[in-house]
Amino acid sequence: MQKKIRWIALLMALVLSLGITACAAEAQTGFSDIPADAWYGEAVDFAKAQELMRGVSETRFAPEETFSRAQLATVLYRIAGEPAVAGDDGFSDTAPNDWYASAVLWAAQSGVVNGVGGGRFAPNDPVTQEQLAVMLWRMKGQPIASEAADASPYAAQAVTWARENGLAFDGFSPKQPAIRSQVAVMLQGYLSLKDEAAITLTVAGQPLSVQWAENSSVDALRALLQKGDITLDLSDYGGFEKGAPLPETLPENNEQMQTDAGDIILYQGRQFVIYYDQNSYSLTPLGKITGISKEDLRALLGAGNVAATLSLAKMQTQAEKKTLVAYFSATGNTRPLAKTAAALLGADLYEIVPQTPYTSADLNYSDHETRATREQHDDAARPAIGGELPDFSRYDTVILAHPIWWGQAPKILYTFLESGDFSGKTLTTFCTSGSSGVGSSAENLKKSAPGASWLESRRFAAGASETEIQNWLESIGLLK
Ligand SMILES: Cc1cc2nc3c(=O)[nH]c(=O)nc-3n(C[C@H](O)[C@H](O)[C@H](O)COP(=O)(O)O)c2cc1C
Numbered sequence: 028m029q030k031k032i033r034w035i036a037l038l039m040a041l042v043l044s045l046g047i048t049a050c051a052a053e054a055q056t057g058f059s060d061i062p063a064d065a066w067y068g069e070a071v072d073f074a075k076a077q078e079l080m081r082g083v084s085e086t087r088f089a090p091e092e093t094f095s096r097a098q099l100a101t102v103l104y105r106i107a108g109e110p111a112v113a114g115d116d117g118f119s120d121t122a123p124n125d126w127y128a129s130a131v132l133w134a135a136q137s138g139v140v141n142g143v144g145g146g147r148f149a150p151n152d153p154v155t156q157e158q159l160a161v162m163l164w165r166m167k168g169q170p171i172a173s174e175a176a177d178a179s180p181y182a183a184q185a186v187t188w189a190r191e192n193g194l195a196f197d198g199f200s201p202k203q204p205a206i207r208s209q210v211a212v213m214l215q216g217y218l219s220l221k222d223e224a225a226i227t228l229t230v231a232g233q234p235l236s237v238q239w240a241e242n243s244s245v246d247a248l249r250a251l252l253q254k255g256d257i258t259l260d261l262s263d264y265g266g267f268e269k270g271a272p273l274p275e276t277l278p279e280n281n282e283q284m285q286t287d288a289g290d291i292i293l294y295q296g297r298q299f300v301i302y303y304d305q306n307s308y309s310l311t312p313l314g315k316i317t318g319i320s321k322e323d324l325r326a327l328l329g330a331g332n333v334a335a336t337l338s339l340a341k342m343q344t345q346a347e348k349k350t351l352v353a354y355f356s357a358t359g360n361t362r363p364l365a366k367t368a369a370a371l372l373g374a375d376l377y378e379i380v381p382q383t384p385y386t387s388a389d390l391n392y393s394d395h396e397t398r399a400t401r402e403q404h405d406d407a408a409r410p411a412i413g414g415e416l417p418d419f420s421r422y423d424t425v426i427l428a429h430p431i432w433w434g435q436a437p438k439i440l441y442t443f444l445e446s447g448d449f450s451g452k453t454l455t456t457f458c459t460s461g462s463s464g465v466g467s468s469a470e471n472l473k474k475s476a477p478g479a480s481w482l483e484s485r486r487f488a489a490g491a492s493e494t495e496i497q498n499w500l501e502s503i504g505l506l507k
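With the sequence shown counted from 1, adding 27 to any position gets you our numbering.
Next comes the structure, spelled out in structure tokens:
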């Protein structure tokens, strides 16, 4: 995947170096519904040339039409190089023989999509602008960004990231559907991103959005930050700026500037300066603070000295973030609840499948000689799990979901816990039952996962609503 993306980026660089810039390009789309001077024409050319998007016919691109979530998953899968996939995507509204099945499965397994809640992927819904941003942001490794106030919580960082990195077009409106021309523009923006870490700036403890300049001074600052974060004690100067010397001198790219509030400047190669008012001088632009008013910036900088920290954005790696919902469901009551919990949390879903399936005779609890009943009354019983176990190291939180059998978790849950090392992880359980509560089921499972910390368990009736599950997840602090 990296290879393909790099290749595309190289091609882009070549195209740009030949002087065919966004403004100068005359769109070559060949689509009759795209004016030659359309602002998105070059992006459509690009998407077509890279075989990411086709027209809706030989002659029409339909730039104003919406794009479905399934179509987007397919495009992203193409960008990823269409790796082979196997397994279940965990969504109730997709099927293995759908035309987009492999793409959605890849997207779900790689954490690029989490579904729309309620265990659904909503393949035919139009993708919104923030959903598009969030999927691209996840593909990029979820670089940390400040939260955009106009986006949904799950997309708040992604939207800022898209804006700061030039993916968002003029008039980007997070909750509106993305139309096809906008999808092409964002895909082009994504594929022309340089593979470099963003610089984050925190002033007085508040992370700020910065549009960094593209010059050798910023490149040198980024290189300097590879060695570690830099905290500066900015002091006031002239009633219009606050600054402090950097630990090393950076190359200058001076130009005559009329500064304004939010400008970040390098002065004489060494002084890092944030302007909160106007000045005119020969200076090196480093960047511009965005998304904060002049008044708020002044208030944040305060009257005296203020601390500013520069660092390289850390990627939220999969391992840092992931939650697993692992469930066992013999008669199907627990399964939809586990899917709902996973969708609410954006968690991975794993089904604990017994190597030898339970027949209905095995489950007949009025007969004390049946398999399930015998196992439940045998302390040593550890029914084997069929198929592969998840990579436990990827998760820091694991939710176990299971039915109650004879007042306890089925013994296969013990098999599962004893197959991995859960020390240091956060665990909890929920169960479904005819009428029994959690009872001692969670307490007994704890013995099979030494060193884990446990959150309070909950029993649900079969068919419990999404709201009930959400309330529980909120009550134990897994959902905010
Ligand atoms: C062998 C067996 C024992 C059961 N024991 C209990 C029990 O002790 N208390 C109870 O309320 N329900 C009991 N049930 C009912 C299940 O807990 C309930 O139907 C559950 O929702 C099934 O979940 P599933 O469909 O995901 O397997 C038992 C079911 C079976 C098959």
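Using N, Cα and C, we set each Cβ at its ideal position, and we do this for glycine too.
{"Asked": "Of all the beta strand (DSSP E) runs that stay within the bounds of the stretch 197-268, which reach a length of 3 or more residues?", "Found": "226-230, 233-239 and 257-264"}
{"Asked": "Rounded to whole angstroms, what's the CA-CA distance from A469 to Y385? Just pull it up for me.", "Found": "23 Å"}
{"Asked": "Mapping the DSSP letters down to three states, classify K315 as helix, strand or coil.", "Found": "strand"}
{"Asked": "Rounded to whole angstroms, what is the Cα-Cα separation between Y294 and Y264?", "Found": "12 Å"}
{"Asked": "Have a look at the DSSP bridge pairing and note the partners of A557.", "Found": "For the chain, the structure presents residues 28 to 507; residue 557 sits outside this window and is missing."}
{"Asked": "Among T494, D323 and L251, which residue has its Cα nearest to the Cα of P274?", "Found": "L251"}
{"Asked": "Count the CB pairs spanning the stretch 413-432 and the stretch 353-367 that are closer than 8 Å, and state whether there are at least three.", "Found": "yes"}
{"Asked": "Would you give the residue range spanned by the beta strand (DSSP E) that D290 belongs to?", "Found": "D290 to Y294"}
{"Asked": "Find out if the Cβ-Cβ distance for the pair A512, L313 is shorter than 9 Å.", "Found": "Since the first residue of the chain shown is 28 and the last is 507, residue 512 is not available in this structure."}
{"Asked": "How would the residue list near ligand 1 read, in chain order, if you kept each one whose beta-carbon is closer than 7 Å to any heavy atom?", "Found": "S356, A357, T358, G359, N360, T361, R362, L390, Y392, A399, T400, Q403, P430, I431, W432, W433, G434, T459, S460, G461, S462, S463 and A489"}
{"Asked": "When you compare each of V465, Y377 and A370 to K139 by their alpha carbons, which one comes out closest?", "Found": "Looking at the sequence shown, residue 139 is not Lys but Val. Looking at the Cα atoms, A370 is the closest of the given residues."}
{"Asked": "Using CA coordinates, which residue listed in W499, S480, S475 and P477 is at the minimum distance from R486?", "Found": "W499"}
{"Asked": "Please classify W126 as buried or exposed, where buried requires at least 16 other C-beta atoms within 10 Å of its C-beta.", "Found": "exposed"}
{"Asked": "Taking the alpha-carbon positions, what's the S95 to E174 distance?", "Found": "26 Å"}
{"Asked": "Going by beta-carbon coordinates alone, are Q305 and A288 separated by less than 9 Å?", "Found": "yes"}
{"Asked": "Roughly how many angstroms separate the alpha carbons of Y422 and A97, rounded to a whole number?", "Found": "27 Å"}
{"Asked": "Is the separation between the beta-carbon of A172 and that of A134 shorter than 9 Å?", "Found": "no"}
{"Asked": "Within 8 Å: the Cβ of P123 and any heavy atom of ligand 3?", "Found": "Annotation note on ligand 3: not contained in the displayed structure, which lists ligand 1 as its ligands."}
{"Asked": "Mapping DSSP to helix, strand and coil, what is A368?", "Found": "helix"}
{"Asked": "Where do the ends of the beta strand (DSSP E) carrying Q305 lie?", "Found": "Counting along the chain, Q305 falls outside any beta strand (DSSP E), and DSSP gives it neither H nor E."}
{"Asked": "DSSP on W133, reduced to helix/strand/coil?", "Found": "helix"}
{"Asked": "Do you know whose CA, among R297, S393, T459 and W66, lies nearest G198's CA?", "Found": "W66"}
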